[in-house]
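Peer 1: Got a structure for you, questions after.
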Amino acid sequence: MSSFLGRRALVVGSGIGGLSAAGALADYFEQVEVLERDRLPASAESRPGTPQDRHPHLFLAGGLKALGEIFPGFERDLADAGGISVKVAQELRFERPDVGALPCRDLGLSLLCASRPLIESVLRRRVMALANVALRPKCRVTEIVGDAGAVRGVRFASASEQSKALDAELVVDASGRGALTLAFLDALGWEQPTVTEVGVDLTYATAVVAIPEHTSDWKVVATMPDPPASALQAALLPIEGGRWIVSIADRRGPARIENWDSFLATLTRLITPTLYDALRRAEPPKDIRHHVFSTSQWNHFERLPRLPRGLLPIADALCRFNPIHGQGMSSAAKQARLLQVVLEGATTKADPVAAAQAGFMADLESVLRTPWNMSTGADLAFPEIRGERPENFEESRKFEVALFRAAVADPVVHRVLFEVSHLLQPRDLLHEPHIMERIEACSAKAAA
């Protein structure tokens, strides 16, 4: 590259979205600075800014691919740090009430499982290795500054200094809920984005145990609920250190699971005994961890007629997904990869920052639509979930049943289903004629 697009870009927040965005920006700005309100640990430790990091996290295949395109060799780094390789669907047991467990086929896809603190630690090391990127811990951004024409930077407070301003040509808001961007728009008197919400009121309990002796071929288990009769579901993943992390989730807010006996008893209420059988001989964990998630939320910044030049919300500031579906980190990585692509395309434009911003917002929905429809569709199957159902919602539910039945019988449908689920392909692929023909053929055979 012959020149940079600007002198400085600022990223607010050093979660997965912020770190991924910093990597995407590094080739296009002389300086990239990441401002983080937390103290950043030197190793893989939980931190206050990510209270959910003591629960299961998963990079879907599409998210892992996107991150590897921003940080070549990231998969190798995570594996070297202790990440566990999982073949899809050969080593992933996916259980549904209508079809039972999907077949254990090698679909040519793989995952890496690790704890959220380890994932973030490996990613943070990759970012810190970039010569022109600086991470500033214990810096709380208080406001975005600028005028109606453009963002000029941010104001922040640190432990050692009073409030201070830092200028930049581009500010990426990866602070979590988009509050900084929303406040800036409000200060300008500009239109606020419309918001789509699905109230899930999810409660979940998580345990981490040493992997007991077991003879199953699977490494990961996902046990789905049975709507509308039962909202209970669970997931088990391997993590570094020879451990399993397992969560039980319920959209109907049961009493808190406070001890291991209650945890095991709740596992017996799932649609299969797989997880109970695997865990009943495990050494009881030291504690049971809890988390509550109330609302999936999409802030439709992409629908606004304009944003101030040089301002981009990203990751949870744009869209917060129900965490039980495991899409948040992967969506954030794919958004950062989109940012990298539009920055490259903007290098020849008269105003490259404005061009990159416009390109990102124009293509954003293509990144968010598939995970949003998949996660909210599963949630809205329960009558008590708050949110507007699409007009064709019942037809979509029937199609899902037919799709999974076809996936059991047809390896081609099975692979396409997982490519879509893992954000490697758009959801529209499921409705392509060559796939629909296979689904319909399986349905006709079952009805005969």
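So the sequence shown is numbered by the working numbering: it starts at 702 and just counts up by one. Backbone N, C-alpha and C fix where the C-beta goes; we use that ideal spot for every residue, glycine too. Computed from a predicted model, the values in this text were never measured in an experiment.
(1) Among the candidates 911, 979, 973, whose CA atom is the shortest distance from the CA of residue 918?
(2) Taking the CB atoms as reference points, tell me whether residue 900 and residue 1087 lie closer together than 8 Å.
(3) Report the residue from 873, 762, 932 whose alpha carbon sits nearest the alpha carbon of residue 853.
(4) Can you give me the start and stop residues for the beta strand (DSSP E) that residue 843 sits inside?
(5) Determine the extent of the alpha helix (DSSP H) in which residue 1099 is found, giving its start and end residues.
(6) Starting from the C-beta of residue 730, find all residues in its chain whose C-beta is less than 8 Å away, skip the five residues before and the five after it, and write them out in chain order.
(7) Counting only the same chain and skipping the five closest in sequence on each side, list residues whose C-beta sits under 7 Å from that of residue 951.
(8) Which runs of the alpha helix (DSSP H) at least 4 residues long sit entirely within the stretch 959-1002? Give them in chain order.
(9) Would you mind stating whether residue 1037 and residue 780 have Cβ atoms separated by less than 8 Å?
(10) Inspect the beta-carbon positions of residue 819 and residue 783 and report whether they are closer than 8 Å.
(11) Would a C-beta distance cut-off of 8 Å place residue 1140 and residue 1082 closer than the cut-off?
(12) Write down every uninterrupted run of the beta strand (DSSP E) in the stretch 841-901 whose length is 3 residues or greater and which is fully enclosed by it, in chain order.
(13) In this structure, how does DSSP classify residue 835 when only helix, strand and coil are distinguished?
(14) Sort out for me which residues DSSP pairs residue 1138 with in a bridge.
(15) Could you check if residue 1119 is buried or exposed, using at least 16 other CB atoms within 10 Å of its CB as the buried criterion?
(16) Where does residue 760 fall in DSSP's three states?
(17) Looking only at its chain, what residues have a beta carbon closer than 8 Å to the beta carbon of residue 884, apart from the 5 residues adjacent to it on each side?
(18) Indicate whether residue 763 and residue 1013 have their beta-carbon atoms separated by less than 8 Å.
(19) Of the choices 739, 1056, 1060, whose alpha-carbon is the least far from that of residue 655?
(20) What ranges does the beta strand (DSSP E) occupy inside the stretch 764-807, keeping only unbroken runs of at least 3 residues that lie completely in it?
(21) Can the beta-carbon of residue 1073 be found closer than 8 Å to that of residue 999?
(22) May I have the straight-line CA-CA distance separating residue 1011 from residue 827, to the nearest angstrom?
(23) Quick one: Cα of residue 915 to Cα of residue 945, how far?
(24) Whole angstroms are fine: how far does the CA of residue 760 sit from the CA of residue 813?
Peer 2: In terms of the structure at hand:
(1) Within the sequence shown, residue 918 is the residue found at index 217, counting from 1. Among 911, 979, 973, the Cα nearest to that of residue 918 belongs to 979.
(2) Your numbering for residue 900 matches position 199 in the sequence shown. Your numbering for residue 1087 matches position 386 in the sequence shown. Yes, they are a contact pair.
(3) Looking up residue 853 in the sequence shown gives position 152. The alpha carbon of residue 853 has as its nearest neighbour, out of 873, 762, 932, the alpha carbon of 873.
(4) If you number the sequence shown from 1, residue 843 lands on position 142. 840-847 is the extent of the beta strand (DSSP E) around residue 843.
(5) Stepping through the sequence shown from its first residue, residue 1099 is reached at position 398. Per DSSP, the continuous alpha helix (DSSP H) segment holding residue 1099 begins and ends at 1094-1110.
(6) To locate residue 730, count along the sequence shown from 1; it is residue 29. Sequence-distant Cβ neighbours of residue 730 in its own chain, meaning closer than 8 Å and more than five residues away, are 705, 706, 707, 708, 709, 710, 833, 870, 871.
(7) Sequence index remark: in the sequence shown, residue 951 carries index 250 (1-based). 904, 932, 933.
(8) When DSSP assignments are scanned along the stretch 959-1002, the uninterrupted stretches of alpha helix (DSSP H) that are 4 or more residues long and fall wholly within it turn out to be 961-968, 975-980.
(9) Counting from one through the sequence shown, the residue named residue 1037 turns up at place 336. Counting from one through the sequence shown, the residue named residue 780 turns up at place 79. Taking 8 Å as the Cβ cut-off, residue 1037 and residue 780 do not qualify as a contacting pair.
(10) Taking the first residue of the sequence shown as position 1, residue 819 is located at position 118. Taking the first residue of the sequence shown as position 1, residue 783 is located at position 82. Against a cut-off of 8 Å, the Cβ pair of residue 783 and residue 819 comes out as a contact.
(11) Against the sequence shown, residue 1140 aligns to sequence position 439. Against the sequence shown, residue 1082 aligns to sequence position 381. Cβ atoms of residue 1140 and residue 1082: not closer than 8 Å.
(12) Positions of the beta strand (DSSP E) runs, each at least 3 residues long and wholly inside the stretch 841-901, are given as 852-859, 865-868, 871-874 in order along the chain.
(13) Reading the sequence shown from its first residue, position 134 is the one you call residue 835. Residue state, collapsed to three classes: strand.
(14) Here residue 1138 is taken as the residue at index 437 of the sequence shown, counted from 1. The partner list for residue 1138 (beta bridge, DSSP) is empty, contrary to what the question assumes.
(15) Translated into the one-based positions of the sequence shown, residue 1119 becomes position 418. By the 10 Å Cβ count, residue 1119 comes out buried.
(16) Residue mapping note: residue 760 aligns to position 59 of the sequence shown, counting from 1. Of the three classes helix, strand and coil, the one that applies to residue 760 here is coil, per DSSP.
(17) As a working note, residue 884 is residue 183 in the sequence shown. Excluding positions up to five away in sequence, the list reads 844, 845.
(18) On the sequence shown, residue 763 is found 62 positions in, with the first residue counted as 1. On the sequence shown, residue 1013 is found 312 positions in, with the first residue counted as 1. Cβ distance not < 8 Å, so residue 763 and residue 1013 don't count as in contact.
(19) The chain is shown from 702 up to 1149; residue 655 falls before or after that span and cannot be answered.
(20) Along the stretch 764-807, the beta strand (DSSP E) occurs as fully enclosed runs of 3 or more residues at 785-789, 793-797, listed in sequence order.
(21) Position 372 of the sequence shown, counted from the first residue, corresponds to residue 1073. Position 298 of the sequence shown, counted from the first residue, corresponds to residue 999. Yes; because the gap between Cβ atoms is below 8 Å, this pair is in contact.
(22) To locate residue 1011, count along the sequence shown from 1; it is residue 310. To locate residue 827, count along the sequence shown from 1; it is residue 126. Whole-angstrom Cα-Cα distance: 25 Å.
(23) By one-based count along the sequence shown, residue 915 stands at place 214. By one-based count along the sequence shown, residue 945 stands at place 244. Here the alpha carbons of residue 945 and residue 915 stand approximately 12 Å from one another.
(24) Taking the sequence shown and counting its residues from 1, the one referred to as residue 813 is at position 112. Taking the sequence shown and counting its residues from 1, the one referred to as residue 760 is at position 59. The alpha-carbon of residue 813 is positioned some 7 Å away from that of residue 760.
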